[in-house]
Structures are given as structure tokens and as C-alpha cells.
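Structure first, commentary second.
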Amino acid sequence: MRGTLYIVAAPSGAGKSSIVNAVLARDPGIRLSISFTSRAPRPGERHAEHYNFVSAAEFEAMVAAGDFFEYARVHGDWKGTARQSVEPALAAGHDVLLEIDWQGARQVRQKVPDAVSVFILPPSRAALEERMRKRGQDSEEVIQRRLAAAREEMSHYAEFDYVIVNEVFDTAVAEMCSIFTASRLRREAQAARHADLLAALLETP
Ligand SMILES: Nc1nc2c(ncn2[C@@H]2O[C@H](COP(=O)(O)OP(=O)(O)O)[C@@H](O)[C@H]2O)c(=O)[nH]1
Ligand SMILES: Nc1ncnc2c1ncn2[C@@H]1O[C@H](COP(=O)(O)OP(=O)(O)O)[C@@H](O)[C@H]1O
Numbered sequence: 001m002r003g004t005l006y007i008v009a010a011p012s013g014a015g016k017s018s019i020v021n022a023v024l025a026r027d028p029g030i031r032l033s034i035s036f037t038s039r040a041p042r043p044g045e046r047h048a049e050h051y052n053f054v055s056a057a058e059f060e061a062m063v064a065a066g067d068f069f070e071y072a073r074v075h076g077d078w079k080g081t082a083r084q085s086v087e088p089a090l091a092a093g094h095d096v097l098l099e100i101d102w103q104g105a106r107q108v109r110q111k112v113p114d115a116v117s118v119f120i121l122p123p124s125r126a127a128l129e130e131r132m133r134k135r136g137q138d139s140e141e142v143i144q145r146r147l148a149a150a151r152e153e154m155s156h157y158a159e160f161d162y163v164i165v166n167e168v169f170d171t172a173v174a175e176m177c178s179i180f181t182a183s184r185l186r187r188e189a190q191a192a193r194h195a196d197l198l199a200a201l202l203e204t205p
């Protein structure tokens with residue numbers, strides 16, 4: 001059976017990376033796709049671990065070569081998921097998780113209609129702003145830009161299959177694990193039903 005494709009999106013600062021890391025630690029079978037980006041690495045970020053960092057020209061060459069499963073301009077930088085990070089793993093039966101924005105999520109839904117998409121919301125505007133500041137990595141100008149971008153991102157929450165409000169961290173992690181487990185079980189049950197049906201249909205009379 002092909003693997004399941006999970007999409008997780010959220011406004012910056014909602015707790016997406018923290019939740020995804022906790023879910024991956026509990027469920028090591030899920031493969032996290034490492035995106036490509038044209039933005040410069042921040043202090044402490046490592047190539048091929050946080051992102052595959054490439055120049056804008058390299059990114060655009062990958063677009064022209066059709067290398068991307070999805071890509072978009074996010075906060076002024078190119079971000080994209082390489083086909084190579086997704087298609088072989090799904091075909092081999094592995095589940096793959098994409099941490100991408102709403103524009104990428106739209107492209108993926110068109111390609112893979114049974115992808116399972118989850119949107120993470122902060123419990124309040126104040127909490128979102130506080131969490132952005134707590135990371136202490138961005139200038140005030142960048143934070144103001146990100147708050148405006150957060151409103152745009154959150155306006156698309158209803159396009160997603162599931163919404164998690166990240167108020168209590170452990171509850172949010174448990175909710176995401178439940179969503180993933182339930183959707184995997186549903187797909188396995190459906191595949192088993194189809195296998196039984198085909199066996200019956202193809203049985204020689
Ligand atoms: N479409 C798309 N969006 C992405 C990709 N990788 C990251 N993003 C989105 O880019 C936004 C900013 O990412 P984030 O890691 O929070 O911030 P950054 O550290 O400034 O890159 C978030 O909405 C991510 O979901 C990607 O491969 N494709
Ligand atoms: N439920 C929560 N309650 C309080 N702080 C949280 C919660 N979830 C995440 N955080 C904190 O908020 C900040 C932003 O989280 P992060 O995972 O980096 O967000 P994102 O990936 O969505 O930008 C981090 O300092 C993180 O520890």
C-alpha cells in the first residue's frame with residue numbers, strides 16, 4: 001500500500017515545529033520532508049537538516065526542471081518540496097509529512113486528493129505574538145511582517161481537513177497523533193476491503 005501524505009500548516013509561531021518534532025519522536029515511521037529554500041540560513045540552522053539552502057538562481061533552475069512537488073513564495077523567499085523527497089517514499093509505503101504553507105497545501109491537495117491536512121491555530125493573537133518573540137531570533141520589523149503574514153495564513157484554515165488549537169502543548173501533540181493514526185487505520189481498512197472485493201470479483205466461477 002502507498003504511504004499516507006500528511007500536510008501540516010500554521011502561522012509562524014503557532015508551535016508547528018515543536019508539535020511536529022514531538023509527533024515524529026513518538027511515531028518514527030513518518031518521514032519529514034526537508035524543504036528547499038532560497039533564504040539564507042539563520043544561526044544554528046544546518047543544511048539538509050532544517051532546510052536545503054540554495055540560491056534563488058538554483059531554486060528557479062529546479063522550478064524550470066520540474067523538480068518540485070509544490071513550491072511557493074513565502075515571506076518573500078522561495079520555499080518548495082522536491083518531488084524526490086515525496087514520491088519515492090510514498091511509493092515504497094512510507095508516510096511522509098510536509099510542513100508547508102497554505103499555497104503549497106493547495107497544490108498538494110490537487111495532486112494527492114487523499115492527503116490528510118492539519119492546520120494549527122494559536123489560542124489567541126497575544127499568545128501568537130508572545131511565542132514569536134520567545135524564539136528571540138527575529139527583529140521587530142520581521143515580527144511585524146510575520147504577524148501580518150499570520151493573518152493571511154490563518155484566513156485559509158478552513159481549507160484543511162483538521163484544525164488543532166495549540167493551547168496545551170501535550171494535548172495538541174496527542175490530537176495530531178490521533179489524527180494520523182485514525183487516517184492510517186481508515187486507509188488500511190479501505191485497502192483491505194478493496195483487496196477482498198477484488199478477490200471476489202476475480203474469482204473464477
Ligand atoms: N509551500 C511551502 N511552504 C513552506 C515550505 N517549507 C516551509 N514552508 C512554509 O514557510 C513558512 C515559514 O517557515 P518557517 O520555518 O516557520 O519560517 P522560516 O524559518 O522563516 O523559514 C511556513 O508557513 C512554512 O510552512 C515548502 O517547502 N513549501
Ligand atoms: N502550547 C504551547 N504553549 C506555550 N508555548 C508554546 C506552545 N507550543 C509551542 N510553544 C513555543 O512557542 C514558540 C514557537 O514555536 P515553534 O514550534 O517554533 O513555532 P512554529 O514552528 O509554528 O513557528 C517556541 O518557543 C515554542 O516552545
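Quick note on numbering: the sequence shown equals residues 1 to 205 in full-length UniProt numbering.
Even for Gly, the Cβ is constructed at its ideal location relative to N, Cα and C.
Fair warning: this is a prediction, and the values are worked out from it, not measured in the lab.
DSSP places Arg39 in the coil class of the three-state scheme, outside both helix and strand. A distance below 7 Å between beta-carbons, with the five flanking residues on each side excluded, links Ile19 to the following residues of its chain, in chain order: Ile120, Asn166, Ala172, Val173, Met176. In the displayed model, Asn166 falls within coil according to three-state DSSP, outside both helix and strand. Where Ile30 is concerned, the enclosing beta strand (DSSP E) starts and stops at 30-32. Runs of the alpha helix (DSSP H) spanning 4 or more residues and lying entirely within the region 39-104 occur at 56-64, 87-91, in chain order. Look at the region 137-167 and you find these whole runs of alpha helix (DSSP H), each 4 residues long or longer: 140-154.
Across the set Ile179, Phe180, Ala25, Asp77, the C-alpha of Asp77 shows the shortest separation from the C-alpha of Ser35.
Between the alpha carbons of Ala40 and Ser117 lies a distance of about 28 Å.
In the structure shown, the three-state DSSP call for Val112 is coil. Between Glu153 and Asp196, the beta carbon gap of about 42 Å keeps them out of contact (Cβ cut-off 8 Å).
In this structure, Tyr71 is the residue among Tyr71, Tyr157, Ala192, Ala64 with its C-alpha nearest to the C-alpha of Val108.
Distance check between Glu129 and each of Leu147, Val142, His194 places Leu147 closest, using alpha-carbon atoms only. Comparing alpha carbon positions, the residue from Val74, Ala115, Ala64 closest to Val86 is Ala115.
Of Tyr157, Ser155, Ala126, Ala158, the smallest CA-CA separation from Ile143 is found for Ala126. A residue is called buried once 16 or more other Cβ atoms fall within 10 Å of its Cβ, and Val96 is buried on that count. For the 8 Å CB-CB criterion, Ser55 and Ser38 form a contact.
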